[in-house]
Every structure is written in C-alpha cells, then in structure tokens.
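Participant: In the UniProt record's numbering, the protein residues as written are 1 to 796. Quick reminder that beta carbons are idealized off the backbone N, C-alpha and C, glycines included. Please read these numbers as outputs of a predicted model, since none were measured by experiment.
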C-alpha cells in the first residue's frame with residue numbers, strides 16, 4: 001500500500017521524521033518496503049503566466065513567448081510545446097535552475113539563443129520535474145496560482161510516498177485511517193480530530209435492497225443521489241492524493257469512491273440509477289449467467305459466486321468489480337451509491353478464479369470492518385455533493401445478520417502477559433496501548449475484560465492481545481534473558497516404539513522417505529478412498545490441492561508418477577504423516593505410515609536375472625515392520641479395499657480384531673488412470689496401533705537340540721492359516737517354539753472344496769532332550785485340537 005507522508009501527517013503528525021516512523025512501523029510488523037520522493041530534486045522552478053505568443057521567425061515548430069514570472073520585467077522563452085496560449089499558467093525553470101536527468105546527471109538552465117531568438121528559461125512537464133504523472137505536455141498549474149510562486153511549494157511536492165507490505169492479518173492497515181492509527185499508537189501521538197457531519201437528505205427516494213446471500217453479505221448500505229454533474233473533474237488535491245497512492249483518476253464520482261476506499265478502507269461502487277430496474281438483490285449467481293465487467297471482459301459466472309443484481313440480471317460481481325452496462329458515465333445524472341460488508345471467506349479466491357485483481361477484492365478477502373459502511377457512504381455523499389452537486393436521499397441500511405456487529409470480549413490476565421513476554425508491563429501502559437488500538441477495557445482483579453474493535457479481525461484470543469502489547473511496547477525493548485532449565489532426564493518408554501525405529505528399518509530395506517503436502521487433488525482422493533469424506537479447503541492454493549488427504553497413498557502415488565515419467569522405474573518410498581477424515585463426530589486425524597514399491601526386486605547385477613517385485617515382497621516388508629512391535633500378534637486376512645487389486649490385497653488385523661492397516665497391489669483400473677505403466681504395491685499402517693510392544697524379559701536359552709516335524713492338514717477352502725495359527729498359539733504346549741506355513745496345495749489327491757496346508761513345527765525343551773514318543777504325542781494333541789476347532793484332518 002502506498003501512503004503519502006503529507007496526507008498521513010494531516011491525520012497524525014508526530015515529531016519524528018519519516019525514516020524513524022518507518023523504522024518503528026517495520027519493527028511493529030507493518031513493514032516499510034521503501035520511500036520515494038514524489039518529484040525529483042529540482043530547483044528554481046516557478047509559476048509563469050504567458051502574456052504573448054508569437055511564431056518563431058526562422059522555425060515553424062517553435063514559439064516565442066513572453067512570460068510573467070512575478071518579476072519586474074517579463075522574460076522571453078522559446079519553446080516547441082504545442083498549444084501554448086496567452087493567459088496560460090505554466091511551470092518555468094528559471095536561469096540557474098537545476099533539473100535532474102534520468103541518468104543521474106544535472107541539467108542546468110542557461111540563457112541561450114534558439115535560432116537567433118533569446119530564451120531565458122524553459123517550460124516544464126511532469127516528466128522533466130520527475131513527477132509520476134499521466135498528463136501529457138506541460139504540468140497542470142492550479143488556476144488560482146500567482147506568477148512567481150514556487151512550484152514545489154504550490155503543488156506540495158516536498159512529499160514522500162511510503163510503500164508498505166501489509167500482511168494478510170492486518171487488513172485494518174489498508175487505509176490511511178488504519179496507518180495513521182498505527183503511527184499514533186507507536187509514537188504516542190493523538191490523531192487529528194476528524195469532523196464529518198451527516199449529510200442532510202433532501203429527498204426520500206429509496207432503492208429497495210434484498211439480501212438473499214446472507215452468509216456472504218450480512219450488511220448492505222445504499223443511497224440515491226439525484227441531479228449530479230458527473231462530467232466535472234475531481235479537484236486537483238483529490239486527484240493528486242489518488243495519484244500518489246497509485247490510483248489513476250477516472251471521473252469525479254469514481255474518484256470519490258476510490259478516495260473513500262483509501263481514506264477509510266471501505267470499498268464502494270456507484271451505479272447509474274437510471275440503468276437499474278426494480279431493486280437491488282444480493283444473491284448467488286446462476287451457473288452460466290454472464291456479466292460484462294468494467295474492464296470490458298465478459299465472464300461466465302459460477303453458482304458459488306456472489307453478485308449484485310437488479311430484477312433483470314447481475315450488475316456487479318460482489319466485492320470484486322462492477323458491471324459495465326450500469327456504470328457511471330459523464331452523461332449520468334442519478335446514481336446509487338453502494339457501501340456493503342462482504343465476508344472474507346466468500347470473496348477469498350473468487351477474483352483470482354476469474355483472472356481478476358482489484359483493490360476492492362484485496363480488502364474484502366482480508367476483512368473490512370462491518371461498522372463503517374454508513375460513515376463511508378456519508379463521507380462519499382459529502383464529497384460528491386461538494387464536487388458534483390446533487391440531491392441526496394435517505395440512507396438504506398439493510399442488516400441481514402446482526403451478529404457481525406457483535407464485538408469479541410477477551411479475557412486478558414496480568415499473570416499471562418508476564419509469563420509469555422518475560423517482563424512486567426505497568427497496568428497503565430497496557431491500558432494505554434490497548435485503548436489506542438481501539439479496544440475497550442474493563443478492569444478486574446487479575447486483569448481485564450477487553451472488547452476488541454470490529455476492524456481487528458486478528459484479535460481473537462488472549463495471546464493475540466499479548467502479541468499486540470509486545471508489538472507496540474517494542475520487541476527490541478524486551479530484555480534478553482537466559483532460560484532457566486532444570487536438569488531432567490527424559491527416558492523413552494520401553495513399551496512404546498519410536499517412529500525412528502520404523503524409519504530405520506525401512507531405510508535399511510532400501511526405502512526412501514518422502515514428505516508430501518497434506519493438501520491433495522480431490523479427484524485422486526475420491527479414486528483411492530471413495531468411502532471417506534475428505535475435508536474441502538475454503539480457499540485452496542490450486543485445484544490440485546483442494547482437499548485434505550484421507551490417506552498417504554495419494555502423495556506417494558504422485559511422487560511415483562513423477563519419477564516413473566523420468567525413467568526411474570525402481571522405486572521404494574515411504575512416508576509418515578497425518579490423515580484427515582470428516583465424520584459425524586467431527587474432524588478425525590490419525591498418524592499413518594505408508595509405503596510403495598514398484599519395479600525390479602533388486603538392482604541389475606550379473607549374477608541373477610531381473611525379477612519384479614510382487615505382493616509377497618511388500619507383505620514381507622510389512623511383516624518386518626510389525627515384527628518391531630514384539631509381543632503383538634497380527635494376522636493378514638483377505639480384504640476388499642476399493643483401490644487395491646481384489647486378488648492381491650489383505651487387511652491387517654490385530655489381536656483385538658481391529659483393522660490396523662492394508663497391503664496389496666494397486667487396482668489395475670487406477671493404475672491405468674494414473675498412467676503409471678507398471679505394477680505398483682502399497683501398504684498403510686495406523687501408527688498409534690502398532691507402536692506399543694511388550695517390554696523384553698529374560699528367557700532361559702535351551703542347551704538341548706530342537707526337533708522339526710512337517711505336518712500336512714486337509715482343511716476346508718474357507719479356512720485360513722491364521723485360524724490354525726490361533727489354535728497353535730493357544731495350545732499351551734510350551735515345547736512348541738516355532739511354526740510356519742510352507743505350502744498350500746489344491747489338486748490331485750485333495751477332495752473338492754478342500755486344500756492342503758503344510759507347516760513346519762519346531763519343538764524344544766529347556767530341561768532335556770525330547771524323545772520321539774513325546775514328540776509324536778505332542779503332534780497328536782495338536783492334530784486333535786486343530787480337528788476340533790477348525791475341522792482339519794491329517795493328510796495321509
């Protein structure tokens with residue numbers, strides 16, 4: 001935001017110079033990007049009045065002018081400027097004047113002859129004087145100026161323009177009033193008294209207002225002004241203030257609305273009343289509805305956009321830009337002024353989505369106070385009547401949601417201020433700072449009840465007030481102190497596995513960690529987890545980052561796709577992070593550990609042929625991860641996960657029957673949609689449900705030999721090995737120290753509807769060597785248990 005120093009000092013005039021003020025503002029978070037003079041460092045340029053103009057006798061393009069510069073005698077100036085006429089007021093660089101050039105050199109005016117005619121000075125344009133002005137030809141001089149007046153003083157060119165970088169949370173500083181308030185607080189200087197009387201309404205004409213989009217527009221203020229002269233030019237002082245703020249003068253009425261925008265921070269719009277039909281309606285746009293904007297482009301509206309409409313069609317894109325068909329022109333005689341409050345969440349991102357950026361949208365999407373609309377329309381009316389004439393009617397103030405006018409009351413505790421800042425601030429200083437910031441305080445025993453001003457959207461909780469105290473008191477005034485630390489030994493719980501253990505295991509198995517955004521593409525998310533409700537972002541950075549992730553797979557697949565397109569066909573990736581799911585109870589977030597593998601099993605080597613990874617490779621990695629959680633038992637069961645291959649996927653179940661993860665091949669359909677081009681295998685585990693383990697205890701190591709036996713069992717097709725495993729675990733046969741499945745067979749010799757499961761059993765005793773008869777007895781006991789609980793029979 002650009003701020004004229006002279007305009008600023010009209011509102012607050014501290015003793016400090018502008019460099020000191022800028023430094024203080026920057027330390028307080030209102031960063032000053034730069035200071036630039038409004039004109040070059042020229043000297044000896046005065047007002048001249050042309051008294052006589054004659055053609056040059058020897059040059060068709062030159063004119064010989066007699067000029068009154070307030071001296072006893074007229075001076076003669078030869079010029080090539082077209083259009084000079086008697087009585088015209090012009091800037092004159094006198095003999096000895098110094099005019100800085102763009103390259104930094106100084107051009108000094110000397111007495112000279114041009115084609116034989118004496119020239120005792122030079123007429124100056126805006127560019128010559130280093131003034132950023134759109135006007136062509138000579139610089140405009142006010143009609144009431146007198147010959148000989150110093151141009152720098154006359155045009156208030158001893159001014160500087162300060163450019164501030166305003167952070168999104170400080171929308172209150174996007175106006176002269178806001179910057180002045182900030183300067184006043186920081187320099188302990190009172191603001192200049194502002195006198196703004198209400199304009200007396202001379203008519204009762206009203207234009208009815210209906211607010212349908214209450215969630216986006218809680219308040220709409222309008223006023224009719226009739227019989228205005230829209231063709232007049234705004235006064236030079238107003239045009240100059242706008243110019244120095246970076247806004248081009250367009251017409252008197254538009255200039256007034258822009259002036260109020262800069263002065264008070266309230267965006268406004270003026271409609272040509274005679275081009276409106278019926279009443280004003282604030283509503284949602286109809287999908288496909290078209291609107292021609294002030295810049296001439298025709299946009300097709302979406303139904304999530306808010307518009308200002310009359311009974312026929314949309315006439316403005318709410319909070320962003322007005323429509324061309326109802327705009328004010330020089331022929332306009334009756335206008336409708338608009339001063340509304342639009343909620344930031346309804347405007348944020350809308351301008352960008354249509355390829356627009358306006359001063360209005362910039363302010364509305366950051367927050368405009370809901371209480372200044374009437375004052376702004378009164379100020380605009382005052383200026384319009386003063387400049388253009390007109391007959392103002394009564395104000396229509398439609399408040400559809402009165403809650404926007406309710407102020408936040410925040411408890412501020414004295415003890416909390418001291419604890420957070422690390423120093424004691426006097427009560428009087430706290431009260432002075434917050435009062436100057438616009439707060440209303442009610443003192444209590446332990447602190448204050450603070451009513452935050454409506455223009456401060458960033459004052460929400462107690463620490464926001466403490467931040468304001470630190471900011472205004474001065475971060476540089478807070479003493480640096482060493483933190484007092486008590487020696488404390490932090491011991492990790494042996495019963496809880498740290499994430500680092502999982503990371504180390506995966507990296508040892510050739511995985512690489514990735515970190516992806518929590519924001520993901522809604523389409524990809526719906527492919528992977530269609531049964532879950534993703535949390536949509538109100539103002540996404542882009543369409544590809546529109547929702548919060550419900551699974552880490554979306555990020556891993558995006559990274560995999562990126563690498564596969566760059567000939568990196570062998571990938572092993574993992575990520576840990578939070579996932580977010582919207583449920584009936586609210587937002588649920590869980591920490592997940594996910595992995596992805598694709599491509600060859602190992603790097604190319606001469607000793608073995610290339611072999612691609614398969615389901616059992618990633619299942620082995622998952623089993624290794626689960627093995628870190630010693631003492632916990634997990635089983636893999638055939639599962640149906642929408643994004644996984646129906647024949648190569650499994651749910652991972654803990655002893656409590658909870659699904660704690662999934663593993664499998666990516667569904668071929670999704671693989672094709674994502675254009676991956678090769679088989680991809682993925683897993684995901686719930687970290688909270690796998691990070692607990694049993695504390696290791698000492699067990700005596702047997703000095704006696706272990707004996708192994710193979711056992712083949714016939715079971716029904718629907719019996720899983722995990723069921724047999726459960727029986728073995730609960731068998732209470734202490735000599736059975738290990739078992740694993742090594743074969744599953746269906747075919748000749750096996751009855752239909754059955755399968756053969758072969759497992760290896762290991763027996764060992766810690767006290768003695770087991771005899772053959774004992775082992776046979778143990779096996780018989782196991783077979784009977786399996787037959788009783790699973791229907792298994794010994795295969796002969």
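Report yes or no: do three or more beta-carbon pairs, one from the stretch 56-64 and one from the stretch 88-103, lie closer than 8 Å?
Facilitator: With a cut-off of 8 Å, the stretch 88-103 and the stretch 56-64 do not count as touching, because too few Cβ pairs lie within range.
Participant: When you compare the CB positions of residue 573 and residue 663, do they come within less than 7 Å of one another, or not?
Facilitator: Residue numbering aside, residue 573 sits at position 573 when the chain shown is read from its first letter. Residue numbering aside, residue 663 sits at position 663 when the chain shown is read from its first letter. It is not a contact, given that the beta carbons lie outside the stated cut-off.
Participant: Which one or two residues does DSSP pair with residue 58 in a beta bridge?
Facilitator: Walking along the chain shown from the start, residue 58 turns up at place 58. Looking at the DSSP assignment, residue 58 forms no beta bridge with any residue, so it has no partner.
Participant: DSSP three-state call for residue 52: helix, strand or coil?
Facilitator: Within the chain shown, the letter at position 52 stands for residue 52. Strand, per DSSP.
Participant: For residue 580, which residues from the same chain have a beta carbon less than 8 Å from its beta carbon, with the 5 sequence-adjacent residues on both sides left out?
Facilitator: Taking the chain shown and counting its residues from 1, the one referred to as residue 580 is at position 580. 518, 534, 535, 548, 549, 550, 587, 588 and 589, listed in sequence order.
Participant: Since residue 374 and residue 397 should fall inside the 8 Å C-beta cutoff, what is the C-beta to C-beta distance between them, to a whole number of angstroms?
Facilitator: Here residue 374 is taken as the residue at index 374 of the chain shown, counted from 1. Here residue 397 is taken as the residue at index 397 of the chain shown, counted from 1. Indeed, because the Cβ distance is near 6 Å, the residues count as touching under 8 Å.
Participant: Let's test the definition: count the other Cβ atoms within 10 Å of the Cβ of residue 882 and tell me whether it reaches 16, buried, or not, exposed.
Facilitator: As shown, the chain starts at 1 and ends at 796. That puts residue 882 outside it, with no answer to give.
Participant: Starting from residue 448, follow its DSSP beta bridges and name the residues at the other end.
Facilitator: In the chain shown, the residue the question calls residue 448 occupies position 448. Looking at the DSSP assignment, residue 448 forms a beta bridge with 412 and 443.
Participant: Residue 122 lies in the alpha helix (DSSP H); which residues open and close that run?
Facilitator: In the chain shown, the residue the question calls residue 122 occupies position 122. Note, residue 122: premise wrong, no alpha helix (DSSP H); beta strand (DSSP E) at 121-123.
Participant: Which residue marks the beginning of the alpha helix (DSSP H) containing residue 575, and which one marks its end?
Facilitator: Here residue 575 refers to the residue found at position 575 when the chain shown is read from its first residue. Per DSSP, residue 575 belongs to no alpha helix (DSSP H); it is in the beta strand (DSSP E), 571-583.
Participant: Please state the DSSP three-state secondary structure of residue 44.
Facilitator: Translated into the one-based positions of the chain shown, residue 44 becomes position 44. Coil.
Participant: Pick from 667, 686 and 683: whose alpha carbon is nearest that of residue 677?
Facilitator: As a working mapping, residue 677 is identified with position 677 in the chain shown. Per the Cα distances, 667.
Participant: Considering only the beta carbon of each residue, do residue 223 and residue 293 sit closer than 7 Å?
Facilitator: In the chain shown, residue 223 corresponds to position 223, counting from 1. In the chain shown, residue 293 corresponds to position 293, counting from 1. No.
Participant: Exposed or buried, residue 244, counting other C-beta atoms within 10 Å across all chains shown (16 or more means buried)?
Facilitator: Walking along the chain shown from the start, residue 244 turns up at place 244. Buried is the call here.
Participant: Taking the Cβ atom as the reference point for each residue, do residue 46 and residue 121 lie within a distance shorter than 7 Å?
Facilitator: Start at 1 with the first residue of the chain shown, and residue 46 comes out as number 46. Start at 1 with the first residue of the chain shown, and residue 121 comes out as number 121. Going by C-beta atoms, residue 46 is not nearer than 7 Å to residue 121.
Participant: In terms of residue numbering, what span does the beta strand (DSSP E) encompassing residue 654 cover?
Facilitator: Sequence index remark: in the chain shown, residue 654 carries index 654 (1-based). It spans 644-654 - the beta strand (DSSP E) in which residue 654 sits, taken as one unbroken run.
Participant: If contacts are defined as beta-carbon pairs under 8 Å, then residue 141 and residue 89 qualify, I think. What distance do you get, rounded to the angstrom?
Facilitator: On the chain shown, residue 141 is found 141 positions in, with the first residue counted as 1. On the chain shown, residue 89 is found 89 positions in, with the first residue counted as 1. Residue 141 to residue 89, Cβ: 4 Å. Contact.
Participant: Does chain B have any CB closer than 7 Å to the CB of residue 584?
Facilitator: Of the protein chains in this structure there is only one, and it is not chain B.
Participant: Name the DSSP beta bridge partners of residue 264, please?
Facilitator: For the purposes of this step, residue 264 is taken as the residue at position 264 of the chain shown. Residue 264 is not bridged to any residue.
Participant: State yes or no: is the C-beta of residue 264 within less than 7 Å of the C-beta of residue 376?
Facilitator: In the chain shown, counting from the first residue as 1, residue 264 sits at position 264. In the chain shown, counting from the first residue as 1, residue 376 sits at position 376. Yes, they are a contact pair.
Participant: With a threshold of 6 Å on Cβ separation, who are the neighbours of residue 597 within its own chain once the five nearest residues in sequence on each side are excluded?
Facilitator: The residue you call residue 597 lines up with position 597 of the chain shown. If we look at residue 597 and ignore the five residues flanking it on each side, its Cβ neighbours are 572, 613, 618 and 681.
Participant: Whether or not the stretch 158-174 and the stretch 16-32 are in contact is what I'm after, with contact meaning three or more pairs of Cβ atoms, one per stretch, closer than 8 Å; do they touch?
Facilitator: Segments in contact, yes.
Participant: From what residue to what residue does the beta strand (DSSP E) around residue 334 run?
Facilitator: Position 334 of the chain shown, counting from 1, holds the residue named residue 334. Here residue 334 belongs to no beta strand (DSSP E), and DSSP marks it neither H nor E.
Participant: What residue range does the beta strand (DSSP E) around residue 113 cover?
Facilitator: In the chain shown, the residue the question calls residue 113 occupies position 113. 112-114 is the extent of the beta strand (DSSP E) around residue 113.
Participant: According to DSSP, is residue 65 helix, strand or coil?
Facilitator: Start at 1 with the first residue of the chain shown, and residue 65 comes out as number 65. Strand, per DSSP.
Participant: Give me the Cβ distance between residue 238 and residue 255, rounded to the nearest whole Å; I'm assuming they're in contact under 8 Å.
Facilitator: What you label residue 238 is simply residue 238 of the chain shown in a count that begins at 1. What you label residue 255 is simply residue 255 of the chain shown in a count that begins at 1. That pair is a contact at about 6 Å.
Participant: How would you call residue 342, buried or exposed, if buried means at least 16 neighbouring beta carbons within 10 angstroms?
Facilitator: One-based indexing of the chain shown puts residue 342 at position 342. Counting Cβ neighbours within 10 Å, residue 342 comes out buried, since at least 16 surround it.
Participant: With a threshold of 8 Å on Cβ separation, who are the neighbours of residue 422 within its own chain once the five nearest residues in sequence on each side are excluded?
Facilitator: Mapped onto the chain shown, residue 422 falls at position 422. Same-chain partners within the cutoff: 478, 479 and 481.
Participant: In chain order, what residues of the same chain lie with their CB nearer than 7 Å to the CB of residue 654, ignoring the 5 residues before and after it?
Facilitator: Counted from its first residue, the chain shown places residue 654 at position 654. These residues qualify, in order along the chain: 632, 634, 660 and 689.
Participant: Helix, strand or coil for residue 1, going by three-state DSSP, please let me know.
Facilitator: On the chain shown, residue 1 is found 1 positions in, with the first residue counted as 1. Residue 1: coil per DSSP, three-state reduction.
Participant: Please name the residue, chosen from 189, 310, 465 and 751, that lies closest to residue 717 on a Cα-to-Cα basis.
Facilitator: The residue labelled residue 717 in the question sits at position 717 within the chain shown. Comparing Cα-Cα distances from residue 717 to each of 189, 310, 465 and 751, the minimum goes to 751.
Participant: Mind checking residue 105: buried by the 16 CB within 10 Å criterion, or exposed?
Facilitator: What you label residue 105 is simply residue 105 of the chain shown in a count that begins at 1. Its Cβ having fewer than 16 others within 10 Å, residue 105 is exposed.
Participant: Among residues of its own chain, excluding the 5 on either side of residue 399, which ones have a beta-carbon nearer than 6 Å to its beta-carbon?
Facilitator: As a working note, residue 399 is residue 399 in the chain shown. Excluding residues within five positions, the ones whose Cβ falls inside 6 Å are 219.
Participant: Can you check which of these residues, 187, 460, 602 and 413, is closest to residue 445 by C-alpha distance?
Facilitator: In the chain shown, the residue the question calls residue 445 occupies position 445. Of 187, 460, 602 and 413, the residue nearest in Cα terms is 413.
Participant: Between 625, 756, 730 and 731, which lies nearest to residue 742 when the distance is taken from Cα to Cα?
Facilitator: As a first step, residue 742 is located in the chain shown; it is residue number 742 there, counting from the start. Nearest option by C-alpha distance: 756.
Participant: Is it the case that the stretch 34-46 contacts the stretch 173-183, given that we only count it when at least three CB pairs across the two stretches are under 8 Å?
Facilitator: They do not touch, by the three-pair rule.
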